[in-house]
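Residue numbers (the working numbering): 13 to 126. Every residue gets a Cβ at the ideal spot worked out from N, C-alpha and C, and that includes glycine. Since this is a predicted model, take the numbers as computed values, not measurements.
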Amino acid sequence: MTPAFASYSALALAIVFEVTASAFLQQSAQFTRPWPTLAMVLFYVASFYALSVAIRAIPLSIAYAIWGGVGIILTATVSFVLFRQMLDAAAFVGIGLIVSGVLVINLFSQTSAH
13 MTPAFASYSA LALAIVFEVT ASAFLQQSAQ FTRPWPTLAM VLFYVASFYA LSVAIRAIPL
73 SIAYAIWGGV GIILTATVSF VLFRQMLDAA AFVGIGLIVS GVLVINLFSQ TSAH
């Protein structure tokens, strides 16, 4: 396994952990429910650990942009599917711009690890 593949795998895991933690944040009811709150904390810690592994071969700025951008997209999707939270047209445009930014970074940036 190449260092770049391992780093991008860790980044993908960090994103999944972050989105899961955000779903538990919703379920924690402002930290009044102990089990969802504990799960949220554990998943955020796991997410940051996986992100720290990812930045061994991916520059921090690139890893964080991907982590944040993809995390926003997946969190919006999870919010719609699990919590029935609707998005308006402006939200879809904004998410589209985030997707565009992540694609530009990965396809054209010379600083990302490939």
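Return the Cβ separation of isoleucine 70 and valine 114 in integer angstroms, given the expectation that the two are a contact with Cβ distance under 8 Å.
Within the sequence shown, the letter at position 58 stands for residue 70. Within the sequence shown, the letter at position 102 stands for residue 114. Contact flag wrong, Cβ pair sits at about 13 Å.
Distance, Cα to Cα, serine 59 vs alanine 75?
Against the sequence shown, residue 59 aligns to sequence position 47. Against the sequence shown, residue 75 aligns to sequence position 63. Answer to the nearest angstrom: the Cα atoms are 12 Å apart.
I need the boundaries of the alpha helix (DSSP H) containing serine 64, first residue and last residue.
For the purposes of this step, residue 64 is identified with residue 52 of the sequence shown, where counting begins at 1. Note, serine 64: alpha helix (DSSP H), 46-66.
Let me make sure I understand the geometry here. Which of Phe120, Ser121, Arg68 and Leu119 has the alpha-carbon closest to that of threonine 14?
Translated into positions along the sequence shown, residue 14 becomes position 2. Of Phe120, Ser121, Arg68 and Leu119, the residue nearest in Cα terms is Arg68.
Would DSSP call proline 71 helix, strand or coil?
Counted from its first residue, the sequence shown places residue 71 at position 59. Here DSSP, grouped into helix, strand and coil, assigns proline 71 to coil.
Check serine 91 in the structure and name its three-state DSSP category.
The sequence position of residue 91 within the sequence shown is 79, counting from 1. Residue state, collapsed to three classes: helix.
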